[in-house]
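Read the structure below first, then the notes.
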Ligand code: PYC
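Residue numbers (our numbering): 1 to 437.
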């Protein structure tokens with residue numbers, strides 16, 4: 001953008017003032033009246049007209065795209081921004097994940113990055129004036145064999161060096177935290193220990209998506225749902241705009257914040273990504289009284305589980321073993337999941353599964369994301385989020401906003417650049433993925 005320093009400062013002050021006022025609040029009387037009558041609620045999100053030009057276009061109205069738009073407006077005063085999505089807000093991976101947040105990764109780059117996200121999540125309800133239901137209930141990654149235990153120790157040491165609360169604990173301590181877990185030596189897969197990460201937990205995914213969307217829109221960002229990008233225009237290696245099913249937009253910056261379709265969107269700009277897309281399934285049970293007070297993950301058994309505030313158990317597993325864009329649930333998944341879960345918690349055998357669903361995961365070769373610039377000037381990437389995108393939403397948004405507004409790649413994402421695959425600088429995070437894939 002070619003703005004004078006004064007106008008940039010002016011815009012920033014105006015947007016901060018407006019952010020502080022926040023989106024509409026309702027009086028108690030309003031809430032009772034609207035609640036009793038069941039009508040007259042204003043729309044949460046408007047449907048703005050599509051303009052023919054914006055300062056930046058963000059593709060994807062999931063948590064990454066919305067957070068990028070929010071931090072562009074809140075931190076940099078840049079509000080002439082459009083977020084485009086071929087479907088609805090949070091309709092992709094951002095609304096389909098199991099809502100787990102943690103920063104106990106394996107590489108220093110990963111730990112630093114995800115820790116910044118946890119910090120932003122900690123203050124998100126206040127920043128957005130929206131109850132995002134963050135619950136730092138603790139996160140346990142179980143080790144059932146010596147090699148997993150060694151990886152847990154390795155992770156704990158890397159985590160501690162970065163100031164992250166993370167340690168290896170034994171079966172007695174695990175049993176106190178999760179009494180329903182079978183830690184007896186007779187278990188088919190005995191629990192030898194666990195990586196315990198007290199700041200980890202869950203946060204309500206829809207609330208995060210809606211909170212970012214509402215706050216960004218309030219500051220002037222346009223969110224265009226059901227607006228599919230059909231072409232990305234590039235002239236002399238520089239992006240100039242996009243075509244959509246609702247018309248053309250010119251923009252000097254286009255950011256790909258999609259998941260599942262990251263490589264097909266990149267194809268439109270002629271940029272190739274080293275991604276393979278797999279479905280990832282999850283399932284939820286009927287609600288029961290609260291009994292599981294931590295997030296429990298077993299890498300060897302390919303399962304993770306937490307209990308929601310409503311009392312349902314939410315389960316996830318590894319990605320489906322074949323590349324696909326299908327988002328159908330499968331019986332194989334449910335069967336395998338149930339078998340593994342019951343190895344860990346035999347006492348929940350009578351719980352009924354209510355529903356299951358799938359999302360799409362763009363897997364990179366090193367299990368780290370791809371963020372930053374591309375060979376096409378102005379066309380930026382925030383993709384390759386595999387099974388770990390949701391927890392990174394805030395830090396990714398903050399960093400991408402800085403890159404868009406300043407033109408400089410923030411240090412916190414510099415190791416996740418696309419060029420690392422050609423230059424052999426992989427950031428190997430497979431050992432810290434939730435489960436083996
Ligand atoms: O990386 O913590 C994780 C995770 C949980 C569910 C999918 N990935």
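All C-beta atoms, glycine included, are put in the ideal place defined by N, C-alpha and C.
With a contact defined as Cβ atoms closer than 8 Å, residue 166 and residue 159 qualify at about 4 Å. Separation of the CB atoms of residue 110 and residue 427 is rounded to 7 Å, and the pair is thereby assigned contact status at 8 Å. For the set 291, 329, 299 and 76, the Cα lying nearest the Cα of residue 175 is the one of 291. In the three-state reduction of the DSSP assignment, residue 203 falls in the coil class, being assigned neither a helical nor a strand state.
The beta carbons of residue 394 and residue 120 sit closer together than 7 Å. With a cut-off of 8 Å on Cβ pairs, the stretch 247–263 is in contact with the stretch 360–377, counting three or more such pairs. C-alpha of residue 311 to C-alpha of residue 404: approximately 41 Å in a straight line. Residue pairing of residue 250 in beta bridges, as defined by DSSP: 53 and 241. Here the distance from the Cβ of residue 388 to the nearest heavy atom of the ligand PYC is below 6 Å. Using a Cβ distance threshold of 7 Å, residue 243 and residue 230 count as a contacting pair. Shortest gap from the CB of residue 100 to any heavy atom of the ligand PYC: under 6 Å.
DSSP places residue 266 in the uninterrupted alpha helix (DSSP H) bounded by 262–268.
Here the alpha carbon of residue 398 sits roughly 39 Å from the alpha carbon of residue 171. Straight through space, the alpha carbons of residue 295 and residue 307 are spaced by roughly 8 Å. Look at residue 393: its beta carbon is at least 6 Å from all of the heavy atoms in the ligand PYC.
At least one heavy atom of the ligand PYC lies closer than 6 Å to the C-beta of residue 316. For residue 167, the uninterrupted beta strand (DSSP E) run begins and ends at 167–169, by DSSP. A distance below 7 Å between beta-carbons, with the five flanking residues on each side excluded, links residue 141 to the following residues of its chain, in chain order: 152, 194, 195, 297 and 299. Judged by DSSP in its simplified three-state form, residue 182 adopts coil rather than helix or strand.
Secondary structure at residue 157: helix, using DSSP grouped into helix, strand and coil.
Classified as exposed, residue 422 has fewer than 16 neighbouring CB atoms from the shown chains inside 10 Å of its CB. By the neighbour-count definition (other C-beta atoms within 10 Å, threshold 16), residue 407 is an exposed residue. According to the DSSP assignment, residue 400 belongs to no beta strand (DSSP E) but to the alpha helix (DSSP H) extending over 393–406.
Burial state of residue 145 is exposed, judged by a 10 Å Cβ sphere holding fewer than 16 other Cβ atoms.
With respect to the 7 Å criterion, residue 106 and residue 401 are not classified as neighbours on the basis of their beta carbons. Between the stretch 212–222 and the stretch 72–86 there are three or more C-beta pairs closer than 8 Å, enough to call the two in contact. In this structure, residue 118 places its C-beta atom within 7 Å of the C-beta atom of residue 199.
Secondary structure at residue 137: coil, using DSSP grouped into helix, strand and coil. In the displayed model, residue 355 falls within a strand according to three-state DSSP. Restricting attention to 356, 95 and 58, the CA atom closest to the CA of residue 241 is found in 58. Using a cutoff of 6 Å, the CB of residue 283 does not count as near the ligand PYC, since none of the ligand's heavy atoms is closer than that.
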